[in-house]
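Comments concern the structure below.
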Amino acid sequence: MAVQNSALNAYKQNSVTTASPGELTLMLYNGCLKFLTKANKAIEEKNIQEKNINLQKAQAIISELMSTLNMDYDISKQMLPLYEYMNRRLIEANLKNDTAIIDEVIGLTTEFRDTWKQVIQITRQQQYSNTQHV
Numbered sequence: 003m004a005v006q007n008s009a010l011n012a013y014k015q016n017s018v019t020t021a022s023p024g025e026l027t028l029m030l031y032n033g034c035l036k037f038l039t040k041a042n043k044a045i046e047e048k049n050i051q052e053k054n055i056n057l058q059k060a061q062a063i064i065s066e067l068m069s070t071l072n073m074d075y076d077i078s079k080q081m082l083p084l085y086e087y088m089n090r091r092l093i094e095a096n097l098k099n100d101t102a103i104i105d106e107v108i109g110l111t112t113e114f115r116d117t118w119k120q121v122i123q124i125t126r127q128q129q130y131s132n133t134q135h136v
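Residue numbers (the numbering used here): 3 to 136.
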């Protein structure tokens, strides 16, 4: 079991260190969704400590997404207030133990993740078609 965990950790570490910036952003969205889902489950199980830990992890990811925005682009200027809103909602969810608020943030995060996934796919297709013409 220890060897298996060690191999899994090495794989995870390698996938992060070899990922493109776009893939890292995708990983952040997926991680955020994982922690939000865990927080919802913790509220249902009345595990306040676990809820708090997972909401804080989700907020840390949202803060990281905010810090990586390139404000030279209009889309970044549009995303920043959305991320700030999501962070405020998670603080509120934590105070009120409100799964509906977490579900709202899950919806936004899922939408952003899915859009980001499409951007990566389109970019890869464009890069592939550009290499085919060379």
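Glycine included, every Cβ here is placed at the ideal spot set by N, Cα and C. All figures in this text were calculated on a predicted structure; none of them were measured in a lab.
By the Cβ test, the region 64 to 77 is in contact with the region 85 to 103, since at least three Cβ pairs between them sit closer than 8 angstroms. Nearest Cα to Leu35 within the set Gln51, Asn54, Ile63: Ile63. Going by DSSP, Leu38 is part of the alpha helix (DSSP H) stretching over 23 to 46. Each of Lys53, Leu110, Leu30 was checked against the Cα of Ile93, and the nearest Cα belongs to Lys53.
Taking Phe114 as the centre and dropping the five residues before and after it, the same chain places the C-beta of Tyr31 closer than 7 angstroms to its C-beta, in chain order. Around the C-beta of Ala102, fewer than 16 other C-beta atoms lie within 10 Å, and the residue is accordingly described as exposed. Restricting attention to Ile124, Gln128, Lys40, the CA atom closest to the CA of Asn56 is found in Lys40.
Straight-line spacing of the CA atoms in Lys48 and Met81 works out to 33 angstroms. Around the beta carbon of Val107, a 10 Å sphere encloses 16 or more other beta carbons of the protein chains shown; the residue is thus reported as buried. At the C-beta level, Leu28 and Thr111 stay beyond 9 angstroms of one another.
Apart from sequence neighbours up to five positions away, the residues of its chain that approach Lys59 with a beta-carbon distance below 7 angstroms are Phe37, ordered along the chain.
Asn89 sits close to Gln61, with the two beta carbons spaced by under 9 angstroms.
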